[in-house]
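A quick write-up on the structure given underneath.
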């Protein structure tokens, strides 16, 4: 039986990401790739200057850049002058490490583990490449590698278990990331919120357990980046289908056989649902 055991929400670690300190240098990206031994590949810039354009099986952390405008007034001896101030906000992004990770609940073979530190980790040797983790993730984090398996940020749990900070946290030259206990991270975030800053990662949908271990804070000038990158309501359209998977157990069958049965059953369910939708709309199947 695939059973998911979660630490208490008050146990383990968390990271507060202060966007007001980020200069977009990508040192965190490079440190992540180097520490985890991910291969470098030729990439291109995206429309928001991210390079690579998005997360991949080899790029577990990517810095995105968002533009916003605000009206400013400059007072000079001749009077006041009002103009539009353009602000660029870099946003480092990786797995959010949800309190109750839907990717782990969706995995039919239990390949996604939640460690005592509350790091959500995909065990590649157990992954069957079904892709349910990516479908279930409201942040679209897990990515398929060339070997057919899925990969993502591990919270550098190997470093944490040896008394070290995550590689990206250690590499940041401006102190964007505050790595601490989750209780302290939540306290810092709530204090920032009380001071009028935008906060993401607290009081979210129960689909992800109500919050994330990576918590973002930003001033009002940079808050729009949070809106652009992170969903207000972190759920997915296939939530009901994913929930069905979490407690499945078939005595006498191997995990692989169970996974194949689930995949086939889910594919059949989707096909039948499409047929029903076509029939309801009076259209023709193609």
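Residue numbers (this note's numbering): 232 to 517. Where is the CB? At the ideal position from N, CA and C, for every residue including glycine.
In the three-state reduction of the DSSP assignment, residue 382 falls in the strand class.
Take the alpha-carbon of residue 466 and the one of residue 334: they are about 11 angstroms apart.
The beta carbon of residue 237 is closer than 8 angstroms to those of 330, 331, 345, 349, 440 in its chain, skipping five residues each way along the sequence. According to the DSSP assignment, residue 458 belongs to the alpha helix (DSSP H) that extends over 454-460. Annotation note: the stretch 293-348 contains the following uninterrupted alpha helix (DSSP H) runs of length 4 or greater, listed N- to C-terminal: 333-337.
Setting aside the 5 residues that flank it on each side, residue 277 is surrounded in the same chain by 284, each with a C-beta closer than 6 angstroms to its C-beta; the list follows chain order. For residue 445, the uninterrupted beta strand (DSSP E) run begins and ends at 445-449, by DSSP. Contact check for residue 317 against residue 300 passes: the beta carbons are separated by less than 8 angstroms. Residue range 408-412 is occupied by the beta strand (DSSP E) that includes residue 412. In this structure, the CA atom of residue 437 is about 27 angstroms from the CA atom of residue 295.
Residue environment analysis places residue 410 among the buried positions, since at least 16 neighbouring C-beta atoms fall within 10 angstroms of its C-beta.
Measuring C-alpha to C-alpha distances from residue 445 to each of 358, 387, 310 identifies 387 as the nearest. If you ignore the 5 residues before and after residue 407, its C-beta comes within less than 8 angstroms of the C-beta of 248, 249, 250, 252, 253, 259, 323, all in its own chain and listed in chain order. Contact between residue 383 and residue 372 is confirmed by a C-beta separation of about 5 angstroms, below the 8 angstroms threshold. The alpha carbon of residue 266 has as its nearest neighbour, out of 297, 291, 282, the alpha carbon of 291. Taken through DSSP and simplified to helix, strand or coil, residue 417 comes out as helix. Beta-bridge annotation (DSSP): residue 431 is paired with 447. Looking at the DSSP output, residue 393 bridges to nothing.
If you draw a straight line from the Cα of residue 298 to the Cα of residue 430, it comes to about 18 angstroms. For residue 363, the uninterrupted alpha helix (DSSP H) segment begins and ends at 363-367. Burial of residue 339 is indicated by the presence of at least 16 other C-beta atoms within 10 angstroms of its C-beta. Excluding residues up to 5 positions away in sequence, 311, 313 lie with their Cβ nearer than 6 angstroms to the Cβ of residue 304 in the same chain.
For residue 243, the number of other beta carbons within 10 angstroms of its own is at least 16, and it is reported as buried. If the five residues before and after residue 246 are omitted, its C-beta is found closer than 6 angstroms to the C-beta atoms of 408, 410, 445, all from its own chain and listed in chain order. Under the DSSP definition of a beta bridge, residue 248 partners with 408, 447.
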